[in-house]
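Asks: Protein chains in written order, with the working numbering: chain A, 3 to 117; chain B, 15 to 128.
1. Using a Cβ-Cβ distance cut-off of 8 Å, determine whether residue 115/B contacts chain A.
2. Listed from N- to C-terminal order along the chain, which residues in the stretch 60-83 of chain A have their beta-carbon within a distance smaller than 8 Å of any beta-carbon of chain B?
3. Taking Cβ-Cβ distances shorter than 7 Å, what residues in chain B pair up with residue 103/A?
4. Is residue 89/B close to chain A? Criterion is C-beta to C-beta, closer than 8 Å.
5. Does DSSP put residue 96/B in a helix, a strand or coil?
6. In the DSSP output, which residue or residues are listed as bridge partners for residue 15/A?
7. Quick check: what's the CA-CA separation for residue 48/A versus residue 30/B?
8. Would residue 51/B pass as a contact of residue 104/B if the rule is Cβ separation under 8 Å?
9. What's the C-alpha gap between residue 44/B and residue 124/B?
Shown next as structure tokens:
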């Protein structure tokens with residue numbers, strides 16, 4: 003079975019450019035999560051969706067970040083304009099219903115470098 | 015708020031040594047507890063989980079027991095292999111009213127030498 007698929011795997015871009023990260027969750031999973039991993043702050047939840055609806059976006063750092071889930075099989079995380087401090091590995095994860103007992107399945111991440 | 019604390023790494027062991035990685039948590043309610051493993055260049059993979067007090071999760075020779083009295087979920091393995099070298103994350107969900115939101119510890123790097 004296909005796991006969570008993220009693209010691109012690596013992104014290098016200049017400060018000020020728009021960046022779009024993409025995620026395809028596991029088919030049949032109704033909850034989707036975006037995390038950011040940095041050396042300084044570890045793994046942090048940015049936002050999560052349930053049935054395509056954003057439930058908790060309290061981790062989104064600022065208005066430069068936005069996330070959408072137009073349908074059950076696709077989500078995007080957009081940064082506009084990007085800044086060097088946004089450099090990190092961004093992970094997408096999905097779970098069947100988002101319940102507390104369900105493990106989340108992670109993609110391989112997008113390594114983002116903002117110059 | 016909820017939090018997870020893991021022992022500092024890196025942990026360096028010889029092959030076939032016994033492994034313990036300590037994890038303690040702070041949460042209200044009844045959280046579920048997880049250990050995830052991250053190999054270089056990859057995403058996190060679920061290693062094991064426990065959803066209520068005194069439950070023991072186990073997988074691939076790794077074990078952890080949900081201890082509510084000591085708010086701990088220590089990871090153990092009797093005999094490590096070089097292939098176990100990775101970063102291990104302890105995490106919880108479901109405390110303080112949150113549902114599936116994962117709260118992670120800072121991660122512990124394990125290096126196993128032949």
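For glycine and all other residues, C-beta sits at the position ideal for the given N, C-alpha and C.
Replies: This is what the structure holds:
1. yes
2. none
3. 46 and 65
4. no
5. helix
6. 116/A
7. 39 Å
8. no
9. 29 Å
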